[in-house]
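Reviewing the structure listed below.
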Ligand SMILES: [Cu+2]
Ligand SMILES: [Zn+2]
């Protein structure tokens, strides 16, 4: 593979000299782009092959321990909790559990946006996590970590989502990046302004965390907890009707 990479670079270098001999370097930019995409392809193949071979049988897992933003003022709710991820195979869609509390009681029925942001730096509050993670330079809400809106009930938000575009491996892995919980609702790119196409006008960053690989235990525990919670909710709804 490395030999292939080397010969690829030599080929591209050869193309430059030829071009220079011909005079103007009109095609140089195109060739650089071409070489870049070839090298990226080889690198992706190499890393993905490694990831496939080392893939755990129970799937790859990650955990993100959500903490209130360090830069929040006292009037803002202090949201804490857990976001867990599972990916069963390389290239498979991601699944996630969102389990957050600390929203104000009057927030019932409101929707909060959650996204993956570029940097896993929460040292200066959630602002340090930068913009939405956007490896393909596309508009919002097509970013891999645009998880959308989540309903709050009794100060709590808990939800299982499947079919997410983000990945825990490969060149566009979200591991080491941040999950950010917003105070507002994501307008999903329909806000009619520039910010809508960058971040969905989702408002203040209430809380955030850094995605880190984990074992399968936290996921298994949360699956059980959620099943019990769903059962309790059903029972209380049955009693109420
Ligand atoms: Cu965000
Ligand atoms: Zn986005």
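In mature numbering (1 follows the signal peptide of the UniProt record, and there is no 0), the protein residues as written are -17 to -1, 1 to 224. Ideal Cβ positions, reconstructed from N, Cα and C, are used throughout, including at glycine.
1) Output yes or no for whether 8 Å exceeds the beta carbon distance between residue 81 and residue 44.
2) Based on the DSSP secondary-structure assignment, which residues constitute the bridge partners of residue 97?
3) Listed in chain order, which residues are found with a beta carbon closer than 5 Å to a heavy atom of ligand 2?
4) In this structure, how does DSSP classify residue 123 when only helix, strand and coil are distinguished?
5) According to DSSP, simplified to helix, strand and coil, what is residue 78?
6) Do residue 79 and residue 66 have their CB atoms nearer than 8 Å?
7) By Cβ distance below 6 Å, which residues in the same chain neighbour residue 64 in space, the five residues on each side in sequence not counted?
8) Can you give me the start and stop residues for the alpha helix (DSSP H) that residue 32 sits inside?
9) Under 5 Å, CB to any heavy atom of ligand 1. Which residues pass, going along the chain?
10) What separation, rounded to the nearest whole angstrom, lies between the Cα atoms of residue 11 and residue 17?
11) What does DSSP give as the partner residue(s) for residue 70 in the beta ladder?
12) Under 8 Å between the Cβ atoms of residue 160 and residue 70?
13) Within the same chain, show all residues whose beta-carbon is closer than 6 Å to that of residue 139, passing over the 5 residues directly before and after it, in chain order.
14) Measuring only the C-alpha atoms, how far is residue 32 from residue 218?
15) Compare the Cα-Cα distances from residue 143 to each of 152, 151 and 132 and report the closest residue.
16) Can you tell me whether residue 15 is buried or exposed? The criterion is at least 16 other CB atoms within 10 Å of its CB, across all chains shown.
17) Is it the case that the region 193 to 212 contacts the region 172 to 185, given that we only count it when at least three CB pairs across the two stretches are under 8 Å?
18) Return helix, strand or coil for residue 55, following the three-state DSSP convention.
For this structure:
1) no
2) 131 and 164
3) 115, 123, 126 and 129
4) coil
5) strand
6) yes
7) 49, 82, 83 and 84
8) 11 to 36
9) 98 and 163
10) 10 Å
11) 43
12) no
13) 84
14) 48 Å
15) 132
16) exposed
17) no
18) coil
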